[in-house]
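Following: one structure in structure tokens, then a few remarks.
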Amino acid sequence: MKTKFIFITGGVLSSLGKGLSAASIGALLKTRGLTVTIQKLDPYINVDPGTMNPYQHGEVYVTDDGAETDLDLGHYERYLNTALSQKNNTTSGSIYYKVITKERHGDYLGGTVQVIPHITDEIKNAILSLAKDEPENPAPDVAIIEIGGTVGDIEGLPFLEAIRQLRSELGRDNCLYIHLTLVPYLRSAGEHKTKPTQHSVKELRSIGIQPDIILCRCEEPVPADLRAKIALFCNVDKDAVFSAVDVSNIYELPLKLYEEGLDQKVAIMLRLPARNAKLEPWEELVHNVKNPQGRVTIAIVGKYVELKEAYKSLHEALVHGGIANRVAVDLRYVNSEEVTAENVAETFKGADGILVPGGFGYRGVEGKIESIRYARENNVPFFGICLGMQCAVIEFARHVVGIEEANSEEFNPFAKDKLIYLMTEWYDFRKKAVERRDAESDKGGTMRLGAYPCAISEGTHAFEAYKTANINERHRHRYEFNNAYRERLADMGMVFSGQSPDGTLMEIVEIPDHPWFLGCQFHPEFQSRPMKPHPLFKDFIRASCLARKK
Ligand code: GLN
1 MKTKFIFITG GVLSSLGKGL SAASIGALLK TRGLTVTIQK LDPYINVDPG TMNPYQHGEV
61 YVTDDGAETD LDLGHYERYL NTALSQKNNT TSGSIYYKVI TKERHGDYLG GTVQVIPHIT
121 DEIKNAILSL AKDEPENPAP DVAIIEIGGT VGDIEGLPFL EAIRQLRSEL GRDNCLYIHL
181 TLVPYLRSAG EHKTKPTQHS VKELRSIGIQ PDIILCRCEE PVPADLRAKI ALFCNVDKDA
241 VFSAVDVSNI YELPLKLYEE GLDQKVAIML RLPARNAKLE PWEELVHNVK NPQGRVTIAI
301 VGKYVELKEA YKSLHEALVH GGIANRVAVD LRYVNSEEVT AENVAETFKG ADGILVPGGF
361 GYRGVEGKIE SIRYARENNV PFFGICLGMQ CAVIEFARHV VGIEEANSEE FNPFAKDKLI
421 YLMTEWYDFR KKAVERRDAE SDKGGTMRLG AYPCAISEGT HAFEAYKTAN INERHRHRYE
481 FNNAYRERLA DMGMVFSGQS PDGTLMEIVE IPDHPWFLGC QFHPEFQSRP MKPHPLFKDF
541 IRASCLARKK
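Numbering of the sequence shown is given in UniProt numbering, commencing with residue 1 and proceeding in unit increments.
See below:
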């Protein structure tokens with residue numbers, strides 16, 4: 001097997017930035033000319049995070065092939081600058097689902113089905129599926145596997161057991177264990193503390209995994225003598241303990257880890273070809289982020305204001321739009337439930353652009369519509385994404401076309417004028433979505449998910465941004481624009497600038513008689529990369545900068 005595996009586990013506590021560390025290591029190896037993929041193994045029992053509450057799980061990321069995944073896949077795609085697939089995220093739930101389905105089919109021939117070997121075998125299959133060598137899809141040089149959760153969690157045990165077994169099956173030169181832990185700095189004592197790391201590694205070793213590399217998350221670099229101490233107590237090479245210091249900008253992390261020599265050590269231990277990392281693009285990126293030529297303020301009107309994780313990709317895409325325009329983007333989260341006709345002007349004072357992101361359910365919708373009306377009537381650049389586009393259509397129908405009861409079937413199934421509705425052709429989508437996901441379920445797979453083509457009309461804001469007529473963008477929604485109202489809206493100036501190639505689905509709407517007013521049914525934020533900012537975000541920020549100057 002050509003592919004070498006790096007397994008990343010986490011210790012002491014969660015939220016140490018395992019996902020970003022995995023992504024950064026992947027990016028560094030990529031700059032050494034290697035092909036890399038990254039997989040997230042999530043120990044929870046949900047089959048996928050698609051039905052999970054954003055308060056618990058944060059953003060649900062969507063891949064081209066329509067998988068609803070952990071938000072870490074967003075980091076991986078942004079850092080590797082490649083599209084991943086449903087293979088790159090597996091949960092305990094999906095593993096158990098497979099095993100139980102097989103058991104019901106009688107595939108185990110009456111044998112007792114157990115965590116070891118049946119669950120662990122299925123986990124190994126999921127990991128090894130990344131190393132499949134196909135003519136159109138060659139196996140990567142390196143596959144990084146991030147195990148969600150923290151060592152010591154009961155639910156994570158089968159995953160750890162699976163990766164333990166893989167090392168003996170694939171050999172030492174082909175598998176590497178990296179353990180990310182916390183090395184806190186105790187101000188009162190004036191020193192770093194290594195005990196939590198020692199305990200965490202002890203826990204890991206008790207299940208048979210001896211880490212090769214220890215990555216210490218810390219506020220300040222861990223001094224050499226303490227790194228030597230960690231190496232001694234944790235039984236790793238002296239030069240295999242690294243600091244992962246807090247960074248002011250997440251795109252600095254690959255450079256910091258490079259300075260530490262982490263990629264070098266990984267390459268030596270895995271016997272990867274000795275090539276130099278080409279870091280110029282990352283250096284340039286960080287330079288641009290740190291040296292903006294101006295600032296712009298974007299108001300994001302949503303209902304998860306206190307929960308930035310719910311808008312992770314959106315946040316990043318706006319930062320990327322800023323990078324493309326050499327400006328820093330200040331984000332102001334506005335709680336849509338609090339916006340009223342009375343306070344809207346006050347709320348958006350100082351905002352150079354207004355963005356209404358995706359969402360589900362009626363709560364907060366009227367505030368979003370109020371915000372959109374303000375943007376439209378006051379020439380403030382406006383960007384509506386998914387639910388944001390649907391709200392823009394409803395706002396336009398109500399206040400410009402005069403369809404007072406314009407609504408979405410989602411918000412009021414009995415509304416007289418359902419501008420946004422569940423279409424009959426929907427069943428085809430559902431079928432397609434389900435086929436693509438290879439699984440039928442009650443709640444999962446009921447949405448239009450993944451990348452679909454869209455044709456853009458020339459002479460529109462959208463065309464100006466994309467500079468091409470054919471695009472592919474990722475979707476995650478149930479409802480669509482209702483074509484019965486298309487003419488009435490078009491007559492009053494709404495342009496349907498992006499449509500499905502067969503012309504049945506309205507994917508982008510805009511108002512030409514406005515500095516920048518655009519809504520899209522898809523989620524462009526999922527395809528924005530720091531090195532390749534998404535055209536719509538780039539153009540929205542450009543328009544917001546112009547609005548600011550006026
Ligand atoms: N709730 C809307 C729908 O299902 C929009 C979804 C979204 O914004 N992602 O169509």
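Glycine included, each C-beta is placed from N, C-alpha and C at the ideal position.
Note to self: Tell me whether GLN390, by its Cβ, gets closer than 7 Å to a heavy atom of the ligand GLN.
What the structure shows: Checking the Cβ of GLN390 against the ligand GLN gives yes.
Notebook entry, point to check: Name the DSSP bridge partner or partners of ILE154?
Noted result: Per DSSP, ILE154 has no beta bridge partner at all.
Check: In chain order, which continuous runs of the beta strand (DSSP E) of length 3 or greater are located wholly inside the segment 461-494?
Finding: As far as the segment 461-494 is concerned, its whole beta strand (DSSP E) runs of at least 3 residues are 470-477.
Next item on the list: Quick one: residues in its chain with C-beta nearer than 6 Å to the C-beta of LYS4, no 5 flanking neighbours on either side, listed in chain order?
Entry: Excluding positions up to five away in sequence, the list reads VAL142, ASN174 and LEU270.
Next item on the list: Pull up the distance between the alpha-carbon of ALA224 and that of GLY11, whole angstroms please.
Entry: Going by the C-alpha atoms only, they are around 21 Å apart.
Check: Is ASP502 helix, strand or coil by DSSP?
Finding: Correct three-state label for ASP502: coil.
Notebook entry, point to check: Can you name, in chain order, every residue of its own chain whose Cβ lies under 6 Å from the Cβ of ALA397, other than the five neighbours on each side?
Noted result: Spatial neighbours of ALA397 in its own chain (CB-CB distance under 6 Å, excluding positions within 5 residues in sequence) are listed in chain order as ILE403, ALA406 and LEU419.
Next item on the list: For PRO453, count neighbouring Cβ atoms within 10 angstroms of its own Cβ and tell me buried if that reaches 16, exposed if not.
Entry: Exposed, because fewer than 16 other Cβ atoms sit within 10 Å of the Cβ of PRO453.
Item checked: For ILE45, three-class secondary structure by DSSP -> In the structure shown, ILE45 sits in coil (DSSP, three-state: anything other than H, G, I, E or B).
Margin query: Measuring alpha carbon to alpha carbon, tell me which residue in GLU377, GLY58, HIS57 and SER85 is nearest ALA67.
Written below: The option with the nearest alpha carbon to ALA67 is SER85.
Check: Taking all protein chains shown into account, do 16 or more other C-beta atoms lie within 10 angstroms of the C-beta of THR340, making it buried, or fewer, making it exposed?
Finding: Per the 10 Å Cβ criterion, exposed.
Notebook entry, point to check: Quick one: does the C-beta of CYS520 sit closer than 7 Å to a heavy atom of the ligand GLN?
Noted result: No, the beta carbon of CYS520 sits no closer than 7 Å to any heavy atom of the ligand GLN.
Next item on the list: Could you tell me the distance, in whole angstroms, from the CA atom of PHE481 to the CA atom of GLU409?
Entry: Roughly 10 Å separates the two Cα atoms.
Checklist line | Cβ pair count under 8 Å reaching 3, the segment 347-367 against the segment 488-495 | finding: Contact between the segment 347-367 and the segment 488-495 is absent, because fewer than three Cβ pairs lie under 8 Å.
Notebook entry, point to check: Helix or strand or just coil, what does DSSP make of ASP352?
Noted result: Residue state, collapsed to three classes: coil.
Check: Ends of the beta strand (DSSP E) at GLU146?
Finding: Element bounds for GLU146: 142-147.
Check: For PRO184, which residues of its own chain have a beta-carbon under 6 Å away from its beta-carbon, when the five flanking residues on both sides are left out?
Finding: Correct list, in chain order: LYS193.
Notebook entry, point to check: Which word fits ALA484, buried or exposed, when buried means at least 16 other C-beta atoms lie within 10 angstroms of its C-beta?
Noted result: Classified as exposed, ALA484 has fewer than 16 neighbouring CB atoms from the shown chains inside 10 Å of its CB.
Notebook entry, point to check: Got a sec? Which residues, its chain only, sit under 6 Å from GLU395 by beta carbon, not counting five neighbours each side?
Noted result: The residues are ILE369, ILE372 and ARG373.
Margin query: Pairs of beta-carbons, one from the segment 509-528 and one from the segment 381-394, closer than 8 Å: are there three or more?
Written below: Yes, they touch.
Checklist line | Runs of alpha helix (DSSP H) wholly within the segment 164-243 (minimum 4 residues, chain order) | finding: Secondary structure within the segment 164-243: the alpha helix (DSSP H) runs of 4 or more consecutive residues, fully enclosed, are 195-206 and 224-234 (chain order).
Check: Which of helix, strand or coil does DSSP assign to TYR362?
Finding: It is coil, neither helix nor strand.
Margin query: Between the segment 136-151 and the segment 112-123, can you find at least three pairs of beta-carbon atoms closer than 8 Å?
Written below: Contact fails: fewer than three Cβ-Cβ distances are below 8 Å.
Next item on the list: Give every residue of the same chain whose Cβ lies closer than 7 Å to the Cβ of LEU20, excluding the five residues on either side of it in the sequence, and list them in chain order.
Entry: Closer than 7 Å at the Cβ level, and outside the excluded window around LEU20, lie HIS75, ILE250 and LEU253.
Item checked: Selected residue, minimal CA-CA separation from ILE95, among GLY190, ILE116 and LEU109 -> Answer by Cα proximity: ILE116.
Check: What's the gap between the Cα of ALA455 and the Cα of MET447?
Finding: Whole-angstrom Cα-Cα distance: 21 Å.
Notebook entry, point to check: Per DSSP, which one or two residues make a beta bridge with LEU253?
Noted result: BP columns for LEU253 are empty, so no partner.
Notebook entry, point to check: Taking the alpha carbon of ASN288 as the point to measure from, which residue in GLY261, ALA324 and LEU226 has its own alpha carbon closest?
Noted result: Comparing alpha-carbon positions, the option among GLY261, ALA324 and LEU226 lying closest to ASN288 turns out to be ALA324.
Notebook entry, point to check: Taking contact to mean at least 3 C-beta pairs separated by less than 8 Å, is the segment 525-532 in contact with the segment 310-324?
Noted result: Segments in contact, yes.
Check: Heavy atom of the ligand GLN less than 7 Å from the Cβ of HIS461, yes or no?
Finding: For HIS461, the Cβ stays outside the 7 Å cut-off from all heavy atoms of the ligand GLN.
Checklist line | Buried/exposed call for THR150, threshold 16 Cβ in 10 Å | finding: Burial call: buried.
Note to self: Less than 7 Å separating the Cβ of PHE360 from some heavy atom of the ligand GLN?
What the structure shows: At least one heavy atom of the ligand GLN is nearer than 7 Å to the Cβ of PHE360, so yes.
Next item on the list: Have a look at LYS87 and LYS98 and give me their C-alpha separation to the nearest angstrom.
Entry: Each residue's Cα considered, the two are about 14 Å apart.
Next item on the list: Could you pull out every unbroken beta strand (DSSP E) segment of at least 3 residues lying fully inside the segment 263-327, listed in chain order?
Entry: The segment 263-327 contains these whole beta strand (DSSP E) runs: 294-302.
Item checked: Straight-line gap, ASP442 to ALA228 (C-alpha atoms, nearest Å) -> Here ASP442 scores only 46 on pLDDT, less than 50, and its place in the model should not be relied on; the value that follows carries that caveat. Take the alpha-carbon of ASP442 and the one of ALA228: they are about 53 Å apart.
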